[in-house]
Structures are given as structure tokens and as C-alpha cells.
Amino acid sequence: MLMEIFSGILQEMLTKFLAFLPKAIVAMVVMFIGLYLTGVITQALKLALDRRKTDHEVKLVIVQITRWSVIAITVFVAMQQMGFDLSAFLVSLGVAGFTIGFALQDISKNFVAGLLLLLQQPFEIGDAIEVAGYGGTVQDVDLRATEIRTFDGKLVLVPNADVYTSAITNFSKADSRRLELTVGVAYGTNLELARAAALEAVASVKGILPDPAPQLVFGNFGESSIDFTLYFWISMKDGDILQAKDQAVVAINAAFEAQKIEIPYPIQTVLMKQT
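In terms of our numbering, the sequence shown has 253 at position 267, counting the first letter as 1, and numbering is strictly consecutive.
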């Protein structure tokens, strides 16, 4: 009797083992393939990030996140093949993830935006940019914020989420930049003489490009002057914006003095009525 019971137990265990064995083999194959793909994917990712000259710390973060994500997916698929019901676990994990994500949404947004900025590289350290209402030189980019030294010397930390979702103007990526200068001449001035003098003066300034050529447009009748706007281009590699404007003003003023062209200032005439 005892032998029959023992034999029945062994038979049942053997039956269950034989039924489970194919699932275990499939799970092992899934794990093997998954681990192999993990190595291939992370290696390919490292090479891609190296080609983009991605920051070393950022590269490590991206590679580790990718590696463990692939491993987690592999384990999940393997356990499903073995017949484990993971629905309750996934629901709990989803609730926990939602709760944590909601609590840390600002941090996570900046983190993801920082990764995207470092991958896409719309600007580099040292570039002159304008973003999220701030203009200046990029000092540093980390996973939380972008550090900008404004043109007036202030150090500003702009959250990466704001940087990523804002329009970015990268002055350093352009070969040249157009500047504008508004000047007024007195009524009665020979406008063509003023035009020729201003254009000749600007063309003599070092750093201002001959092509595209400077352009002068008269655009306004002011209270005491006829105003024009002078458009000219400078090289972003060799030119300096402040210096170019400074030298352009000096050159135009000297040219107008030589041609006896008056740059007026507002004058008010007060009439006194005697009673």
C-alpha cells in the first residue's frame, strides 16, 4: 500500500516535471537570447554615443538604463513562458510607478529633457544662445538644468524641461549674423548723400561683411529727424557684436561730420503770449 502511494506521488511529480520541462527550456532559450541581445544593444549604443561625443556620465546612465530595461523585459517574458501570472505584480508596479512619477514629475521631466538635449546637442559648451527668455553663453549642461552666463554677466540655471520645450536660437551655429542700427538725420538733409556716407562708413569697419552688402532703409519721419535703419552682417567666427556696433556708430558719426550732415536732437519751442 505504501509503495503504491509512493509510486503514485513519483508518477505525479514526473508528469508535472515533464509538462513543465518544455516551458523551462523555452524560458532558458528566451533568457539566453535576451542576455545576448542585451550585450549587442548596449555595445551598439555605446558606439553610437561615442560617435556623438556624448558626455561620459550621461553615456553611462543611458547604457545602464537600456541594459536593465532589456533584462527586465527578458525576465518578464521568460516567467510568462514558465506559466507565472504576473498581472497582479504588473498592476502593483504600475500603481507604484504612477505614484512615484506624479510625485517626481518635475524632476523626471528635467532628467528626460537633459538626456535628450545631451543626445541631440542643439548647442555645445561655449555657444552663444537665446532660450526661454535668456541670452548668453552656455557654461554647462547636466541632467537637471542648463547653466547660462548671460551677456550682462549673470549666471542662470534654466530647467532642462524649459530649455527643451522652448525655441532655441544658437548664434554660434550661424556663420554670420545681421545687426541693425537706427540713425536720424535732420530735415532738409540730402538723403542720398546721407545714404552714401553711411554705407561707405560701415563698409570700412573691420569685421563687417561685404556680402551680403550693408543696406540702408529710410523708414520713419520723426519729430525732429528722418530716421533710417542700417542693416549689416558680421562674421560670428571673427566678429564681435558690441565692437562692430561701436565702430559702426563711430564711423558713421565721423562721415556725417565730414559731410556736414546733422544728427539732430529734439528741440522744443515755447511761445509766450503776452496779454
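In this text, a Cβ means the ideal position worked out from N, Cα and C, and glycines have one as well.
| Item | Value |
| --- | --- |
| Looking only at its chain, what residues have a beta carbon closer than 7 Å to the beta carbon of residue 120, apart from the 5 residues adjacent to it on each side? | 134, 136, 142 and 144 |
| With a cut-off of 8 Å, do at least 3 Cβ pairs link the region 164 to 183 to the region 145 to 156? | no |
| Are the beta-carbon atoms belonging to residue 199 and residue 241 less than 8 Å from one another? | no |
| Pop quiz: residue 216 and residue 195 are said to be a contact at Cβ under 8 Å. What is the actual Cβ separation, rounded to whole angstroms? | With a Cβ gap of about 14 Å, residue 216 and residue 195 do not count as contacting. |
| Helix or strand or just coil, what does DSSP make of residue 129? | coil |
| Just verifying my parser: in three-state terms, what is the DSSP assignment at residue 37? | helix |
| Would residue 21 pass as an interface residue toward chain B - the criterion being a Cβ-Cβ separation below 8 Å? | In the displayed structure, chain B is absent; only one protein chain is listed. |
| With residue 151 as the anchor, note down where its alpha helix (DSSP H) starts and where it stops. | 146 to 151 |
| Nearest to residue 109 by CA position, among 126, 220, 50 and 48, is which residue? | 126 |
| So residue 188 and residue 118 are supposed to be a Cβ contact under 8 Å. How far apart are they, rounded? | Wrong, their Cβ atoms sit about 33 Å apart, outside the cutoff. |
| According to DSSP, which residues form a beta bridge with residue 134? | 124 and 142 |
| Spatial neighbours of residue 180 within its chain, please: C-beta separation below 6 Å, excluding the five flanking residues on both sides. | 171 and 247 |
| Under three-state DSSP, which class holds residue 170? | strand |
| Could you check the C-alpha separation between residue 222 and residue 162 for me, to the nearest Å? | 5 Å |
| Roughly how many angstroms separate the alpha carbons of residue 131 and residue 31, rounded to a whole number? | 24 Å |
| Is residue 142 near the ligand ATP, in the sense that its beta carbon is under 7 Å from a heavy atom of that ligand? | As presented, the structure is devoid of all ligands, the ligand ATP included, so that no description of it is given. |
| DSSP three-state label for residue 25, please. | helix |
| Out of 150, 70, 139 and 53, which has the shortest C-alpha to C-alpha gap to residue 100? | 150 |
| How would you write the range of the alpha helix (DSSP H) that residue 235 sits in, first residue to last? | 227 to 244 |
| Report the three-state DSSP secondary structure of residue 195 (helix, strand or coil). | coil |
| Run the CB neighbour count on residue 205, radius 10 Å, all protein chains shown included, and call it buried at 16 or more, exposed below. | exposed |
| Below 8 Å on the Cβ atoms is my contact criterion, and I expect residue 52 with residue 16 to pass it. Report the Cβ-Cβ distance as a whole number of Å. | In fact, because the Cβ distance is near 19 Å, the residues do not count as touching under 8 Å. |
| Does residue 70 come out as helix, strand or coil in the three-state DSSP assignment? | coil |
| Can the beta-carbon of residue 193 be found closer than 8 Å to that of residue 160? | no |
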